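**Student:**
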Amino acid sequence: MTVPLDRHYLVELQVSEERVSQLRRIVAAHLRHWSLELHIRPVCRGVEELLTNVHRHVGGDNKCVVELRWSGRHLTVSVADNSSEMPRLLSSGGGGLSRVMALSHSWGTCRTLDGKVVWFTRYAEAPWNTRLLPRAPLPGVREFLLPPASEPSEPAESAEPALV
Numbered sequence: 022m023t024v025p026l027d028r029h030y031l032v033e034l035q036v037s038e039e040r041v042s043q044l045r046r047i048v049a050a051h052l053r054h055w056s057l058e059l060h061i062r063p064v065c066r067g068v069e070e071l072l073t074n075v076h077r078h079v080g081g082d083n084k085c086v087v088e089l090r091w092s093g094r095h096l097t098v099s100v101a102d103n104s105s106e107m108p109r110l111l112s113s114g115g116g117g118l119s120r121v122m123a124l125s126h127s128w129g130t131c132r133t134l135d136g137k138v139v140w141f142t143r144y145a146e147a148p149w150n151t152r153l154l155p156r157a158p159l160p161g162v163r164e165f166l167l168p169p170a171s172e173p174s175e176p177a178e179s180a181e182p183a184l185v
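Here you go:
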């Protein structure tokens, strides 16, 4: 299967509780479209955590940018906001960045000219789509109980010559 190099989705939004659930559904739809169904739950939980952190620590009146990028091997999710306050991984755990860390293969933060970006990645290789070919059904219990069928015998050659 050939995967287009670099599938990408970007949205700018004002964070609110309603927007978090809406964006979760949008992210799930993109992952389904990219045939990454196995990653929907952890990625959506990670996006939800990052957006909730923006809402809680930056404020709901600020805008943020959510970006999904899938290279065919790695899915990267980033959330950029306009706050210069860098997030911290709390030792108590239980939510926020510790949950993002548990749901991802790598994560990080970096400052930007306008604020910061928090991101995480998951290994998400392209699924192998195979064509469905008809196959003989597997034998059931009844077929195993029956004696094996004998192979048909070939007709014996006759001694009479064929008339032409």
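The opening position of the sequence shown corresponds to residue 22 in our numbering, with each subsequent residue numbered one higher. For each residue, glycine too, the CB sits at the ideal point set by N, CA and C. None of the values given here were measured: they were computed from a predicted structure.
Using three-state DSSP, classify V32 as helix, strand or coil.
**Tutor:** For the purposes of this step, residue 32 is taken as residue 11 along the sequence shown, with counting starting at 1. Three-state DSSP puts V32 in a strand.
**Student:** I need the straight-line Cα distance from S21 to Q43, nearest angstrom please.
**Tutor:** The chain is shown from 22 up to 185; residue 21 falls before or after that span and cannot be answered.
**Student:** Pull up the CB-CB distance for V32 and V87, whole angstroms please, since I reckon it's below 8 Å.
**Tutor:** Taking the first residue of the sequence shown as position 1, residue 32 is located at position 11. Taking the first residue of the sequence shown as position 1, residue 87 is located at position 66. About 5 Å; that satisfies the 8 Å criterion.
**Student:** Under the three-state reduction of DSSP, which class applies to E146: helix, strand or coil?
**Tutor:** Taking the first residue of the sequence shown as 1, we reach residue 146 at position 125. Three-state DSSP puts E146 in coil, outside helix and strand.
**Student:** Assign A50 to buried or exposed, taking buried as 16 or more other Cβ atoms, counted over all protein chains shown, within 10 Å of its Cβ.
**Tutor:** One-based indexing of the sequence shown puts residue 50 at position 29. Per the 10 Å Cβ criterion, exposed.
**Student:** Taking only the alpha-carbon atoms, compute the straight-line gap between G136 and H126 and give it to the nearest angstrom.
**Tutor:** Translated into the one-based positions of the sequence shown, residue 136 becomes position 115. Translated into the one-based positions of the sequence shown, residue 126 becomes position 105. G136 and H126: Cα-Cα distance of roughly 24 Å.
**Student:** Where does T73 sit, in a helix, a strand or coil, going by DSSP?
**Tutor:** As a position in the sequence shown, residue 73 is number 52, starting the count at 1. Note: T73 maps to helix in three-state DSSP.
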